[in-house]
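A short worksheet on the structure shown next.
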Amino acid sequence: LLAMVLSLASSALASETITGTIYCDNYFEFWFNGVKIAEDPLDFTPHQAVSVSFTYDGNSSKTYAILCQDYASDTGYEYISTSSPKLGDGALIAEFSDGTVTSSDWKSYVVTYGPTDASVSAGCSSSNLGPCEVEDRGTPTDWYTSEFDDSGWDAATVYTAAEAGWGRTPSWSSSDGCCSPTSPYTKESLGCCNCNSDGTASGSTSVTVTEDQCLDPEVVLGSSSAIFLWGSSLTKDNKMLFRYASSASPSPPPSPSSSPSPSASPSPSTSTSSSSDACFQMSIVFLSLGLYALL
């Protein structure tokens, strides 16, 4: 019984809250160890970064998995309701408080690609969308889980900020809680506070967006060690899957008799969550020991 109590206490002390920031041009879904953590509320522009937070048990390996979608119609082009359709360019950059950042160590898989080379040869262009086609290679089953074998995936292609770009800067309106979305068909404002296109040139569907989901990516990630990732084609790789896996290497807890080493003060953005985690973990420990004393 004592071993069980000590095991419970050890697990509580090992767990931690990991925070992070993700920017994908245009839309992302994020999983950690097979659990879906966050989804970008806006599927087009502005190009906003999103803050995320999740719990890590402190013992298992870590698997980061991100679906990233650069908007494209079934022709591969955006702004198809204008006189000047464009090929968009995708980009992913992310960093997390455990030190994980997007890098050349991440794996990638292209789900959709277009317009295809064959359709371009058949006459597909921004002024002739009729022949344009997009290839869908399918989404592998359970690709976001820790058990998935990504050995056949390619290494993600690295891009500079100048190559990938930061996109259309978001502007959060605190007075009415707006992130000012635009249409992937017309490039114009959707005329609503927080919404996505409903698949038509002017229609929209309402969504909820918070301030920490409407961050300026250049401000929050511009000085990060994280780097931009995408497939080998910035403009034709449309939907991408990214994975990064690492083994757990938890540090042993300090000896009660040893003096704690001096450390830098935590940043304002992490001190609250760290203190809350510590209080919760210590509460579990004392509760566990109290239950053992009663038995």
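Add 197 to the 1-based position in the sequence shown for the numbering used here, that's all there is to it. Every residue, glycine too, gets a C-beta built ideally from N, C-alpha and C. Only a predicted model underlies this, so the values are computations on that prediction, with no experimental measurement involved.
- Membership of Asp314 in the alpha helix (DSSP H) is indicated by the continuous run Asp314 to Ser318.
- Taking each of Ala291, Thr272 and Thr299 in turn and checking the Cα distance to Asp333, the smallest one comes out for Thr272.
- Excluding sequence positions up to five before and after Thr366, its CB lies within less than 8 Å of the CB of Pro243, His244, Asp413 and Glu415, all in the same chain and listed in chain order.
- Contact between the stretch 394-413 and the stretch 231-241 is present: three or more C-beta pairs spanning the two stretches fall below 8 Å.
- Ranking Leu239, Lys259, Phe241 and Tyr268 by CA distance to the CA of Lys436 puts Tyr268 first.
- Rounded to the nearest whole angstrom, the CA to CA distance from Thr297 to Gly255 is 14 Å.
- Taking Ser212 as reference, the option from Tyr253, Ile263 and Leu264 with the minimal CA-CA separation is Tyr253.
- The alpha helix (DSSP H) runs lying completely inside the stretch 370-423 and spanning 4 residues or more are 414-418, given in chain order.
- By the Cβ-count criterion, Glu360 is exposed, with fewer than 16 other Cβ atoms from all chains shown falling within 10 Å of its own Cβ.
- Under the DSSP assignment, Ala359 falls in the alpha helix (DSSP H) whose first and last residues are Ala358 to Ala361.
- The criterion of a C-beta distance shorter than 8 Å is satisfied by Leu431 and Asp286.
- Under DSSP, Lys304 forms a beta bridge with Ala352 and Arg440.
- The beta carbon of Ser422 lies closer than 7 Å to those of Val298 in the same chain, with the five residues before and after it left out.
- Per DSSP, Gly217 is one residue of the beta strand (DSSP E) stretching across Glu213 to Asp222.
- The C-beta distance from Glu330 to Gly349 rounds to 25 Å, too long to meet the 8 Å contact threshold.
- Excluding five sequence positions before and after Pro337, the CB atoms of its chain that fall closer than 8 Å to its own CB belong to Tyr306, Phe345 and Leu438, given in chain order.
- According to the DSSP assignment, Phe251 belongs to the beta strand (DSSP E) that extends over Val247 to Tyr253.
- In terms of CA proximity to Ala288, Ile263 leads the group Ala398, Ile263 and Cys321.
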